[in-house]
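>
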Amino acid sequence: MTNSIPSQLLEKAVSEFSKLPGVGRKTALRLVLHLLRQPCEEVEEFAEAIARVRKDIKHCSVCHNISDTDVCPICSDPRREKAVICVVENIQDVMAVENTQQYHGLYHVLGGIISPMDGIGPSDIEIESLVERVGQGGVEEVILALASTMEGDTTNFYIQRKLQPYGVKISVIARGISVGDELEYTDEVTLGRAILNRTEI
3 MTNSIPSQLL
13 EKAVSEFSKL
23 PGVGRKTALR
33 LVLHLLRQPC
43 EEVEEFAEAI
53 ARVRKDIKHC
63 SVCHNISDTD
73 VCPICSDPRR
83 EKAVICVVEN
93 IQDVMAVENT
103 QQYHGLYHVL
113 GGIISPMDGI
123 GPSDIEIESL
133 VERVGQGGVE
143 EVILALASTM
153 EGDTTNFYIQ
163 RKLQPYGVKI
173 SVIARGISVG
183 DELEYTDEVT
193 LGRAILNRTE
203 I
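Residue numbering for the sequence shown follows our numbering, starting at 3 and increasing by one per position.
#1: Identify, in the order they occur along the chain, each residue of the same chain with its Cβ nearer than 8 angstroms to the Cβ of E202, setting aside the five sequence neighbours on each side.
#2: For E91, which of helix, strand or coil comes out of DSSP?
#3: Can you tell me the Cβ-Cβ gap for H66 and E128, rounded? I've got them flagged as a contact below 8 angstroms.
#4: Please report how far the alpha carbon of R32 lies from the alpha carbon of I197, in whole angstroms.
#5: Counting contacts by CB-CB distance shorter than 7 angstroms, is V133 in contact with chain B?
#6: Throw me the rounded Cβ distance for the I175 and R200 pair, which I believe falls under 8 angstroms.
#7: Would L146 and V89 be called neighbours here (beta carbons separated by less than 7 angstroms)?
#8: Give the C-beta separation of V141 and A85 to the nearest angstrom, bearing in mind that I take them to be a contact with Cβ-Cβ under 8 angstroms.
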């Protein structure tokens, strides 16, 4: 397919697009050709938006969610329940829980889960910063909303042990979610019920 592209610039663009997850060379070529048909101003806006995503988006200094500011809108919202922290694996999980409109507390994004097979240990994810948040006081409940997998359960157990000295209530989301399911792919109704029907560990 490389030889059939008459422009090196086009080939370079196709090559870059095909690096995106789930985008093959055929799809990449279709996307690039679509951009070629658009007005220059729109393509420049598109390119600038992508560049700014990488350059300007920050991670919240409190919960590690993505944000345009040092502290994300959820952490800085006075209407949120500050005494409850929902622990999730990644940013997509924050979006999934928010879409349920059933949870009104704060979050803590681990940035992964403990997985010795993949070389990921407790020090590779944001567990210590969670312990520090709880240690500062004011937190009454920590909800562990991790995937129902062996790695998720291992991470739950480790966090539970680390938080035990602080005497906070620790709960896990209800297992209405099938074992092995990822949170971000769970439908909003099921996930919302799982948050509401959480059980204390």
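Glycine included, C-beta positions come from ideal geometry on N, C-alpha and C.
The relevant details are as follows:
#1: Sequence index remark: in the sequence shown, residue 202 carries index 200 (1-based). Within the same chain, E202 has close Cβ partners K171, I172, S173.
#2: If you number the sequence shown from 1, residue 91 lands on position 89. Looking at E91 - three-state DSSP - the assignment turns out to be coil, as it is neither helix nor strand.
#3: As a first step, residue 66 is located in the sequence shown; it is residue number 64 there, counting from the start. As a first step, residue 128 is located in the sequence shown; it is residue number 126 there, counting from the start. The Cβ separation is near 5 angstroms, so the contact holds.
#4: Position 30 of the sequence shown, counted from the first residue, corresponds to residue 32. Position 195 of the sequence shown, counted from the first residue, corresponds to residue 197. If you take the alpha carbons of R32 and I197, they lie about 41 angstroms apart.
#5: Reference to chain B is not applicable here, since this structure consists of a single protein chain.
#6: Walking along the sequence shown from the start, residue 175 turns up at place 173. Walking along the sequence shown from the start, residue 200 turns up at place 198. Indeed they touch by this definition, with Cβ atoms about 5 angstroms apart.
#7: Start at 1 with the first residue of the sequence shown, and residue 146 comes out as number 144. Start at 1 with the first residue of the sequence shown, and residue 89 comes out as number 87. Closer than 7 angstroms, so yes.
#8: To locate residue 141, count along the sequence shown from 1; it is residue 139. To locate residue 85, count along the sequence shown from 1; it is residue 83. Between A85 and V141 the Cβ distance is about 6 angstroms, and since that is below 8 angstroms, they are a contact.
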